[in-house]
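Peer 1: Each residue of the sequence shown is one higher than the one before, starting from 2 at the first, in the numbering used here.
Before we start, here is the structure in question, set down as structure tokens.
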Amino acid sequence: MGAKVNIEKKLTQIWIGPKPAPLTWMHTWRDKHPDWEYSIFDDSMLHNRKWHNQHLIDRYYAMQKWPGVSDLIRYELLYERGGFWPEADMTCLENTDELFTSPKDHAYSCYENEKGRQNFIQPIMACNPGNAFVKHVIDTLHILTPNELSPEPFRSTGNLFLARHVPHWMHQLTVWPSHYFIPLFYIGGAKRYDGPDKVYADHKWGSTGHANSITYDKGL
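Set out below in structure tokens:
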């Protein structure tokens, strides 16, 4: 019998922007998690409701900074719905049920790269509804004005932004090793993880912000 999963078994992925979603990659998550409820959150759903941080979403959408839009709606949807929200540019290699065994008040993410970017974590990947850390993230972002948003979303809504808050919230965070979901970092010269741990996903680095890549266009 497998470990008890301490989050709701809802698996959702976000795809925002004009490019077609990389469904070949995305559906690997559905296929490896057949007993999870699977869905995709897209542009039509984005525009069909109001958001707490609507002022920031509107700015990044107008700038066509799709990763920033994705970060902002991810946090609000995680707070409302909970579940697991893997990145659309990751392909699933293994079922992840065994990872979600932390206390129910934990949020889950993984390090981006322990050596090069200390405390940088991926945008929150999973939690239960009403998570305290995710609420802190949403409320912290809410005080920003649109003019304060960086043209590089990782600074304002993503990895660097989250890195500033991780140390104070580690008691309610489960942060997996980077190689669980990012076995090969995107910086040139990095080596693929070849250790004994299980690797659950492969990061294609073809996000909504890098959708013109050859790997994206070919769905490789």
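No residue lacks a Cβ here, since even glycine has one placed at the ideal position from N, Cα and C.
From a predicted model like this one, the values you see are computed outputs, not experimental measurements.
Mind checking whether CYS111 and PHE186 have CB atoms under 8 Å apart?
Peer 2: If you number the sequence shown from 1, residue 111 lands on position 110. If you number the sequence shown from 1, residue 186 lands on position 185. No, Cβ-Cβ distance for CYS111 and PHE186 is not below 8 Å.
Peer 1: Please name the residue, chosen from TRP67, ASN120 and GLU38, that lies closest to ASP44 on a Cα-to-Cα basis.
Peer 2: On the sequence shown, residue 44 is found 43 positions in, with the first residue counted as 1. Of the listed residues, the one whose Cα sits closest to ASP44 is TRP67.
Peer 1: When you compare the region 33-50 with the region 135-142, are there three or more beta-carbon pairs, one atom per stretch, that lie closer than 8 Å?
Peer 2: The answer is no - the region 135-142 does not touch the region 33-50, with fewer than three Cβ pairs under 8 Å.
Peer 1: Determine the extent of the beta strand (DSSP E) in which GLU38 is found, giving its start and end residues.
Peer 2: Within the sequence shown, residue 38 is the residue found at index 37, counting from 1. 38-42 is the span of the beta strand (DSSP E), which, as asked, contains GLU38.
Peer 1: Could you please give the first and the last residue of the uninterrupted beta strand (DSSP E) stretch that includes THR92?
Peer 2: Looking up residue 92 in the sequence shown gives position 91. Note, THR92: beta strand (DSSP E), 91-93.
Peer 1: Among ASN148, THR13, PRO178 and ASN160, which one has its Cα closest to the Cα of MET27?
Peer 2: Position 26 of the sequence shown holds residue 27. Residue THR13 is the option with its Cα nearest to MET27.
Peer 1: Which whole-angstrom value describes the C-beta separation of ALA108 and PHE134, a residue pair presumed to lie in contact below a C-beta threshold of 8 Å?
Peer 2: For the purposes of this step, residue 108 is identified with residue 107 of the sequence shown, where counting begins at 1. For the purposes of this step, residue 134 is identified with residue 133 of the sequence shown, where counting begins at 1. Right, their Cβ atoms sit about 5 Å apart.
Peer 1: Quick one: what's got a C-beta closer than 7 Å to PHE162's C-beta in the same chain, skipping five residues either side?
Peer 2: For the purposes of this step, residue 162 is taken as residue 161 along the sequence shown, with counting starting at 1. Contacts found: ARG156.
Peer 1: Span of the alpha helix (DSSP H) holding TYR62?
Peer 2: Working through the sequence shown from its first residue, we reach residue 62 at position 61. That run of the alpha helix (DSSP H) goes 55-63.
Peer 1: Judging by CA-CA distance, which residue of SER179, GLY83 and PRO19 is the nearest neighbour of TRP37?
Peer 2: Here the question's residue 37 lines up with position 36 in the sequence shown. The shortest C-alpha separation from TRP37 is found at GLY83.
Peer 1: Quick check: the region 168-180 against the region 89-109, are there 3 or more CB pairs under 8 Å?
Peer 2: Yes, the region 168-180 is in contact with the region 89-109.
Peer 1: Going by CA-CA distance only, name the one from ALA191, ASN114 and TRP30 that's closest to THR1.
Peer 2: The first residue shown for the chain is 2 and the last is 221, placing residue 1 beyond what the model contains.
Peer 1: Can you tell me which of the three DSSP states GLN173 falls into?
Peer 2: By one-based count along the sequence shown, residue 173 stands at place 172. Helix, per DSSP.
Peer 1: Terminal residues of the continuous alpha helix (DSSP H) containing ASN114?
Peer 2: Translated into the one-based positions of the sequence shown, residue 114 becomes position 113. No alpha helix (DSSP H) contains ASN114, which is instead part of the beta strand (DSSP E) from 108-114.
Peer 1: Taking all protein chains shown into account, do 16 or more other C-beta atoms lie within 10 angstroms of the C-beta of PRO124, making it buried, or fewer, making it exposed?
Peer 2: Position 123 of the sequence shown holds residue 124. Looking at its Cβ environment, which holds 16 or more other Cβ atoms inside 10 Å, PRO124 is buried.
Peer 1: In this structure, how does DSSP classify ALA22 when only helix, strand and coil are distinguished?
Peer 2: Here residue 22 refers to the residue found at position 21 when the sequence shown is read from its first residue. Three-state DSSP puts ALA22 in coil, outside helix and strand.
Peer 1: Would you give the residue range spanned by the alpha helix (DSSP H) that HIS137 belongs to?
Peer 2: Residue 137 sits at position 136 when you count from the first residue of the sequence shown. Taken as a continuous stretch (DSSP letters only), the alpha helix (DSSP H) holding HIS137 covers 133-143.
Peer 1: Given TYR76, which residues of its chain have a CB within under 6 Å of its CB, disregarding the five upstream and five downstream residues?
Peer 2: Residue 76 sits at position 75 when you count from the first residue of the sequence shown. So the qualifying residues of the chain are VAL135, VAL138 and ILE139.
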